[in-house]
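A.B. asks: Take this structure first; my questions come after.
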Amino acid sequence: MSDELESDGPGNFVADKVREDLAQGKFGGRLRTRFPPEPNGYLHIGHAKAIVLNFGLAELDPAGRCNLRFDDTNPSAEEAEFAEAIERDLRWLGYEWGEHLYFASDYFEQLYDWAEDLIRRGLAYVDSQSGEQIREGRGDFHRPGVNSPFRERAPEESLGLLRRMRAGEFPEGAHVLRAKIDMQSKDLKKRDPIMYRILHTPHHRTGDAWHIYPIYDWAHGQSDAIEGITHSVCTLEFQNHRPLYEWYLEAIGIPEGERPQQVEFARLNVGFMITSKRKLAQLVEEKHVAGWDDPRMPTLAGMRRRGYTPESIRAFCERIGVAKRDGLVDVTLLEHALREHLNATSPRAMAVLDPIEVVIDNMPEDFEHVFSLPLDPTDETRGTREVPLTQRLYVERGDFMEDPPKKWWRLAPGREVRLRGACLVTVKRVEHGDDGEVTRLVCEWDPDSLGGSAPDGRKVRGTVHWVSAKHAVDAEVRLYDRLFSAEDPGAGDTDFLTQLNPDSLKVVSAKLEPWLGTREVEERVQFERVGYFCVDPESEPGALVFNRTIALRDSWAKLAKKKG
RNA sequence: UCCGGAGUCGUCCAAAGGUAGGACAGCGGACUUUGAAUCCGCGAAUGGUGGUUCAAUUCCUCCCUCCGGAACCA
Numbered sequence: 004m005s006d007e008l009e010s011d012g013p014g015n016f017v018a019d020k021v022r023e024d025l026a027q028g029k030f031g032g033r034l035r036t037r038f039p040p041e042p043n044g045y046l047h048i049g050h051a052k053a054i055v056l057n058f059g060l061a062e063l064d065p066a067g068r069c070n071l072r073f074d075d076t077n078p079s080a081e082e083a084e085f086a087e088a089i090e091r092d093l094r095w096l097g098y099e100w101g102e103h104l105y106f107a108s109d110y111f112e113q114l115y116d117w118a119e120d121l122i123r124r125g126l127a128y129v130d131s132q133s134g135e136q137i138r139e140g141r142g143d144f145h146r147p148g149v150n151s152p153f154r155e156r157a158p159e160e161s162l163g164l165l166r167r168m169r170a171g172e173f174p175e176g177a178h179v180l181r182a183k184i185d186m187q188s189k190d191l192k193k194r195d196p197i198m199y200r201i202l203h204t205p206h207h208r209t210g211d212a213w214h215i216y217p218i219y220d221w222a223h224g225q226s227d228a229i230e231g232i233t234h235s236v237c238t239l240e241f242q243n244h245r246p247l248y249e250w251y252l253e254a255i256g257i258p259e260g261e262r263p264q265q266v267e268f269a270r271l272n273v274g275f276m277i278t279s280k281r282k283l284a285q286l287v288e289e290k291h292v293a294g295w296d297d298p299r300m301p302t303l304a305g306m307r308r309r310g311y312t313p314e315s316i317r318a319f320c321e322r323i324g325v326a327k328r329d330g331l332v333d334v335t336l337l338e339h340a341l342r343e344h345l346n347a348t349s350p351r352a353m354a355v356l357d358p359i360e361v362v363i364d365n366m367p368e369d370f371e372h373v374f375s376l377p378l379d380p381t382d383e384t385r386g387t388r389e390v391p392l393t394q395r396l397y398v399e400r401g402d403f404m405e406d407p408p409k410k411w412w413r414l415a416p417g418r419e420v421r422l423r424g425a426c427l428v429t430v431k432r433v434e435h436g437d438d439g440e441v442t443r444l445v446c447e448w449d450p451d452s453l454g455g456s457a458p459d460g461r462k463v464r465g466t467v468h469w470v471s472a473k474h475a476v477d478a479e480v481r482l483y484d485r486l487f488s489a490e491d492p493g494a495g496d497t498d499f500l501t502q503l504n505p506d507s508l509k510v511v512s513a514k515l516e517p518w519l520g521t522r523e524v525e526e527r528v529q530f531e532r533v534g535y536f537c538v539d540p541e542s543e544p545g546a547l548v549f550n551r552t553i554a555l556r557d558s559w560a561k562l563a564k565k566k567g
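In this note's numbering, the protein residues as written are 4 to 567.
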């Protein structure tokens with residue numbers, strides 16, 4: 004059944020349309036999509052949805068393909084660094100575009116030729132009004148626009164002006180090229196939209212070759228047409244652009260059956276995350292986070308560093324579906340996809356994040372036993388790691404309670420619990436510091452319980468993780484939590500910065516079992532009973548840094564919380 | 001108010017002129033050498049009105065609500 008689902012490909016309205024077009028032989032049976040990021044920021048979870056959609060659609064036909072095209076028409080915001088990061092993140096997510104890497108800037112010359120052609124045909128003109136005048140002349144929702152005094156300028160004059168604009172003879176703002184459509188249109192986008200503006204900013208690819216740059220609407224559809232795109236999939240906010248998209252394609256003479264068609268879908272919003280590039284850039288610039296790849300960022304780079312797997316992100320994108328209604332996806336859906344994949348792939352080991360000392364009183368001081376424990380208890384073929392047991396250990400402070408509530412199965416005075424994989428111990432005495440804080444648990448063990456179960460078959464409900472003090476490896480562990488404390492940061496007129504979660508990062512010094520001390524950058528593991536972690540690139544030999552990707556579900560915490 | 005979109009469980013997505021389905025979340029239980037995972041079960045929705053029809057959530061009318069649009073941004 005799942006085979007069937009997969010061979011059918013994604014089931015959503017865009018895929019349905021593509022299948023229908025394919026079946027009807029539209030575009031001569033050709034299928035081509037594109038992912039068109041602007042290189043002015045890093046890719047984030049919202050882009051992942053568009054990527055999975057576009058690359059996924061291309062697979063609906065054996066000959067289908069998805070181009071990567073950088074929409075680099077505004078040099079003032081764009082940088083090569085971003086383009087490189089985007090390619091890196093795309094590959095990490097699992098996509099490949101082969102030789103089909105394009106840049107809108109590669110089409111500048113063609114675009115320019117088309118523009119001159121439009122002028123000659125009376126479909127465009129150079130407007131020499133100020134930005135203020137142009138805005139005023141456009142009217143508003145209730146007021147029709149008025150024609151620019153330059154609207155009837157002779158084509159020859161516009162041509163001359165445009166050439167001089169291109170050559171850099173005018174200051175920015177002196178002139179623009181506008182399409183001559185209809186200043187009375189109810190569709191404000193059609194009130195003589197601007198095609199080119201003068202910009203003397205050097206471009207990251209074309210350098211100072213150009214002094215005019217095309218506006219999105221005058222570049223996007225044309226780029227699609229040049230590349231033979233059949234389905235130009237974009238988000239809802241571009242719906243209002245579609246009539247203009249189509250007008251330009253017709254104006255430059257693309258025959259009807261060959262015009263790419265724009266299809267819009269709802270962008271992704273995830274609870275407790277933001278996907279506004281402007282806001283993400285602000286977080287980075289104002290140093291609310293450590294960078295675009297801060298593990299708390301919803302960027303692919305940040306998620307990668309946090310320990311997300313590409314598989315889990317793709318699975319999430321497939322599960323949320325594609326539709327035209329705006330919404331806010333519950334972050335638990337993302338977390339579920341993450342845990343699901345991590346659970347299936349992460350080796351297990353033990354680490355104590357908030358250590359409290361344990362001494363096993365009736366164990367010889369020089370006792371040492373090495374257990375060979377499975378890295379994956381459900382699959383012994385995945386190997387084992389060696390875990391030493393000695394008289395002095397660390398256990399988690401939170402796993403001990405001096406006066407436990409009902410249903411507490413863990414360490415407490417007189418209570419027998421199991422040290423995971425090792426043996427059974429009972430707390431005999433509790434030592435306190437001056438401030439009353441527990442400093443040490445003195446326990447007794449059952450020497451016949453080596454391995455973790457008692458020969459008499461008595462049941463021991465609680466199991467806790469532990470680390471031999473003598474062999475423990477110290478490491479920094481960064482406990483990440485949601486960056487925002489509000490599900491919809493910035494909603495209403497709230498400033499999203501006031502909703503940053505003050506506890507989104509806690510750094511602790513942990514005690515690791517020896518095997519964990521030999522992990523390498525980007526390796527992912529499960530700290531048993533705690534969560535999934537991965538090794539941060541800032542780790543140094545002998546000074547590992549682990550990032551908490553996500554905690555394990557904790558039904559005890561839930562129970563305890565419910566009972567107050 | 002003008003133009004363009006959208007309204008289905010708490011959330012996201014699906015279906016359909018004839019018992020509205022899945023996932024996540026929630027709740028309950030089983031199992032457990034991870035209070036994890038796994039398994040089983042439960043509750044939960046078609047914005048409103050009028051109409052067409054044997055039957056409307058689906059088709060039509062009117063209304064309501066929400067989102068986007070007046071950048072020389074994408």
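C-beta atoms are modelled at their ideal positions from N, C-alpha and C, and glycine is treated no differently. Being a predicted model, the structure only gives us computed values, none of them experimental.
Just grab the DSSP bridge partners of R443 for me.
C.D. replies: E360 and E434
A.B. asks: List the endpoints of the continuous alpha helix (DSSP H) containing N346.
C.D. replies: V334 to T348
A.B. asks: Just tell me which of E434, E479, F16 and L337 has its CA closest to the CA of I553.
C.D. replies: L337
A.B. asks: Below 8 Å, can you find three or more Cβ-Cβ pairs linking the stretch 472 to 479 to the stretch 511 to 527?
C.D. replies: yes
A.B. asks: So, at 6 Å on beta carbons, what are the nonlocal neighbours of D74 in its own chain, with the 5 sequence-adjacent residues on each side left out?
C.D. replies: P39, E41 and A107
A.B. asks: Nearest CA to the CA of K514: which residue from G493, E434 and R400?
C.D. replies: R400
A.B. asks: Should V332 and L271 be called a contact, given that it needs their Cβ atoms to be closer than 8 Å?
C.D. replies: yes
A.B. asks: Where do the N-terminal and C-terminal ends of the alpha helix (DSSP H) with L96 fall, by residue?
C.D. replies: Counting along the chain, the alpha helix (DSSP H) containing L96 begins and ends at A83 to L96.
A.B. asks: Using a 10 Å radius around the Cβ and a threshold of 16 neighbouring Cβ atoms, would you call L562 buried or exposed?
C.D. replies: exposed
A.B. asks: Classify V21: buried if its beta carbon has 16 or more other beta carbons within 10 angstroms, exposed otherwise.
C.D. replies: Looking at its Cβ environment, which holds 16 or more other Cβ atoms inside 10 Å, V21 is buried.
A.B. asks: At the level of alpha carbons, what is the spacing between G97 and T312?
C.D. replies: 10 Å
A.B. asks: Roughly how many whole angstroms lie between the Cα atoms of A182 and G148?
C.D. replies: 14 Å
A.B. asks: Cα separation between E159 and E249?
C.D. replies: Between E159 and E249, the C-alpha separation is close to 26 Å.
A.B. asks: Below 8 Å on the Cβ atoms is my contact criterion, and I expect E531 with A352 to pass it. Report the Cβ-Cβ distance as a whole number of Å.
C.D. replies: Contact flag correct, Cβ pair sits at about 7 Å.
A.B. asks: Rounded to whole angstroms, what is the Cα-Cα separation between G67 and L34?
C.D. replies: 5 Å
A.B. asks: For H244, which residues in the same chain have their Cβ closer than 7 Å to its Cβ, ignoring the five residues on either side in sequence?
C.D. replies: K192 and D220
A.B. asks: Over what stretch of residues does the beta strand (DSSP E) that includes N550 continue unbroken?
C.D. replies: V548 to A554
A.B. asks: Sort V510, T384 and T233 by Cα distance to V17 and report the nearest one.
C.D. replies: The residue among V510, T384 and T233 with its C-alpha nearest the C-alpha of V17 is T233.
A.B. asks: Go ahead and pull the three-state DSSP assignment for G260.
C.D. replies: helix
A.B. asks: Can you tell me whether Y115 is helix, strand or coil according to DSSP?
C.D. replies: Three-state result, Y115: helix.
A.B. asks: Once DSSP output is grouped into helix, strand and coil, what is the label at S235?
C.D. replies: strand
A.B. asks: Would you kindly report the start and end of the unbroken alpha helix (DSSP H) that includes G305?
C.D. replies: L303 to R309
A.B. asks: In the DSSP assignment, what are the bridge partners of Q529?
C.D. replies: Beta-bridge partners assigned by DSSP to Q529: R351 and Y535.
A.B. asks: Measuring CA to CA, which of L126, A284, Q225 and F111 is closest to D211?
C.D. replies: Across the set L126, A284, Q225 and F111, the C-alpha of F111 shows the shortest separation from the C-alpha of D211.
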